[in-house]
Structures are given as structure tokens and as C-alpha cells.
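Note that the sequence shown ends on residue 1227 in the working numbering; no numbers are left out.
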Amino acid sequence: MFRGSLKLDQINKKLISYQAFTLDQQYSAYMGSMTEIIPDSDTFLVGWGGRTTQNALFSLIDFPNRKVLFEAVAPVDANTYRAYWFAE
């Protein structure tokens, strides 16, 4: 899994900063992995789609610290289309 964040100077068309986040433990075989950034946080909600290497449906991941904070796991051959996170 790869995700990055960047800041652009759109007026001068220049890259100000770029940071890449990786999580090598799992990937999704189909339907694409959908990632949603949780506002004002370095935490990402990753909806894995289907047939992940570790049967995860979705994961809440602190990418800069490489920590999985929460993960929903299902039996083999389960899949999801979309994952949502509702802040309190």
C-alpha cells in the first residue's frame, strides 16, 4: 500500500513538499484500494476492496508511525466496496 501527501505552490507551479507513506504487509487483488484521509490527522482509513492478503476489510492506519490502529477482518473471500469513518 502506498500513499503520499504533497503541498503545491499553484501560482508558481512548484512542489513545496512531498511525503510518501507505505505499508508493505498487504494489498488488494481487485476493486482497487480506496483511501480516505481523516481531516487534521496523519491517520488514514483504507478500504481494501476484496481478497486482501490478510483478509482485512478496512484498516485505520497511522502511516507516519507505521501503526495499524484498528482493523476489521473477515473470513476468506469476504470483500467490501467502500469504507467510511464517522468522527464523534
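Where a beta carbon is used, it is the ideal one built from N, C-alpha and C, also for glycine.
Query raised in the report: Using the beta-carbon count (16 or more within 10 Å), is Phe1209 buried or exposed?
Result: Position 70 of the sequence shown, counted from the start, is the residue given in the question as residue 1209. Classification of Phe1209: exposed, given that the 10 Å Cβ count is below 16.
Requested in this report: Would you check if the distance between the CB atom of Asp1181 and the CB atom of Phe1197 is smaller than 8 Å?
Outcome: Residue 1181 sits at position 42 when you count from the first residue of the sequence shown. Residue 1197 sits at position 58 when you count from the first residue of the sequence shown. In this structure, Asp1181 lies away from Phe1197, with their beta-carbon atoms at least 8 Å apart.
Report task. In angstroms with no decimal places, state the Cα-to-Cα distance between Ala1211 and Gly1188. Result -> Position 72 of the sequence shown holds residue 1211. Position 49 of the sequence shown holds residue 1188. C-alpha separation (whole angstroms): 12 Å.
Requested in this report: Would you tell me roughly how many angstroms separate the C-alpha atoms of Ile1150 and Gln1158, rounded to the nearest one?
Outcome: Residue numbering aside, residue 1150 sits at position 11 when the sequence shown is read from its first letter. Residue numbering aside, residue 1158 sits at position 19 when the sequence shown is read from its first letter. Here the alpha carbons of Gln1158 and Ile1150 stand approximately 21 Å from one another.
Requested in this report: Output the distance between the C-alpha atoms of Gly1186 and Leu1147, rounded to the nearest integer angstrom.
Outcome: In the sequence shown, residue 1186 corresponds to position 47, counting from 1. In the sequence shown, residue 1147 corresponds to position 8, counting from 1. Each residue's Cα considered, the two are about 27 Å apart.
Query raised in the report: Should Leu1225 go down as buried or exposed, given a rule of 16 or more other Cβ atoms within 10 Å for buried?
Result: Numbered from its first residue, the sequence shown carries residue 1225 at position 86. One point to set straight first is that residue 1225 is Phe, not Leu, in the sequence displayed. The residue in question, Phe1225, is exposed, as its Cβ has fewer than 16 Cβ neighbours within 10 Å.
Query raised in the report: Does DSSP put Asp1201 in a helix, in a strand, or in coil?
Result: The count along the sequence shown starts at 1 and reaches residue 1201 at position 62. Assigned with DSSP and collapsed to three states, Asp1201 falls in strand.
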